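Peer 1: Mapping of the sequence shown onto my numbering: residues 174 to 347, in sequence order.
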Amino acid sequence: MPNQLRVWALVLAIGGTALVLAAVGLAPIPALDPDRRLPWWLMAAGFWAAEAWVIHFHFRRGAHTFSLNEMPLVVGFFLAAPLELVVAQAIGSAAALAIHRRQPPVKLVFNIAAFAVSSGVGLLVFQLPVGILADRWGRRRTILLSEAFRSAGILGWAGTNRADQRRRSTPDSS
Numbered sequence: 174m175p176n177q178l179r180v181w182a183l184v185l186a187i188g189g190t191a192l193v194l195a196a197v198g199l200a201p202i203p204a205l206d207p208d209r210r211l212p213w214w215l216m217a218a219g220f221w222a223a224e225a226w227v228i229h230f231h232f233r234r235g236a237h238t239f240s241l242n243e244m245p246l247v248v249g250f251f252l253a254a255p256l257e258l259v260v261a262q263a264i265g266s267a268a269a270l271a272i273h274r275r276q277p278p279v280k281l282v283f284n285i286a287a288f289a290v291s292s293g294v295g296l297l298v299f300q301l302p303v304g305i306l307a308d309r310w311g312r313r314r315t316i317l318l319s320e321a322f323r324s325a326g327i328l329g330w331a332g333t334n335r336a337d338q339r340r341r342s343t344p345d346s347s
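1. Taking buried to mean at least 16 other C-beta atoms within 10 Å of its own C-beta, is M244 buried or exposed?
2. Pull up the distance between the alpha-carbon of A254 and that of F283, whole angstroms please.
3. Within a Cβ cutoff of 7 Å, which residues of the same chain sit near V227, ignoring the five residues on either side of it in sequence?
4. Check whether the stretch 285-297 touches the stretch 260-275, taking contact to mean three or more Cβ pairs, one atom from each stretch, closer than 8 Å.
5. Do you know offhand how far F299's Cα is from F250's?
6. Check the DSSP bridge columns for A236 and list the partner residues they point to.
7. My guess is that V248 and L199 are in contact by the Cβ rule of under 8 Å, so how many angstroms apart are they, rounded?
8. Since L252 contacts L296 with CB under 8 Å, what's their CB separation in whole angstroms?
9. Assuming A289 contacts A191 (C-beta within less than 8 Å), just tell me the rounded distance between them.
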């Protein structure tokens, strides 16, 4: 299988995982507090802003870009239904990555799928124990939030690392 085809296969596998996770894992979970919810379009605007205005860090011959998309994500963990949050992140981030950063299609689809999977897993880690712990805003919730972001971060790092390895092994990549 050609390398470019393998990269697309990886991207589609991550995207498929995100769709299954959203449909099966996140759709049935309600918002933490139905009385205090942000509309999805406002969250999408937050994700757009976080991805449009990023921090560029140059070190030696390399560069790394940091976005602050965790800020609207943390707000959404508390003030949104999980499925709405993932959809808002996908729409807002896709708009910013396509318009402001002009990412090529494979990178754009990979990033949106990776965001959806990592946020979905983080939301599951954060939301599922609610019934067991019955502690909505206390210390246990803070620990769960920390573990949710740790899980999401590990997944995001692993996916980006794997995609970067694929990209470097592709002879026609620049």
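Glycine included, C-beta positions come from ideal geometry on N, C-alpha and C.
Note that this is a predicted model, so its numbers are computed, not measured.
Peer 2: Reading from the atomic positions:
1. With fewer than 16 Cβ atoms within 10 Å of its Cβ, M244 is classed as exposed.
2. Rounded to whole angstroms, A254 to F283 spans 24 Å at the Cα level.
3. Counting only Cβ-Cβ distances below 7 Å, and skipping sequence neighbours, we find T238, F239, S240.
4. When C-beta atoms of the stretch 285-297 are compared with those of the stretch 260-275, three or more pairs fall below 8 Å, so the two segments count as touching.
5. Answer to the nearest angstrom: the Cα atoms are 8 Å apart.
6. The partner list for A236 (beta bridge, DSSP) reads H231.
7. About 17 Å separates the two Cβ atoms, so there is no contact after all.
8. Their Cβ separation, rounded to whole angstroms, is 13 Å, which puts L252 and L296 out of contact at 8 Å.
9. Rounded to whole angstroms, the Cβ separation of A289 and A191 is 4 Å, and the two are in contact under 8 Å.
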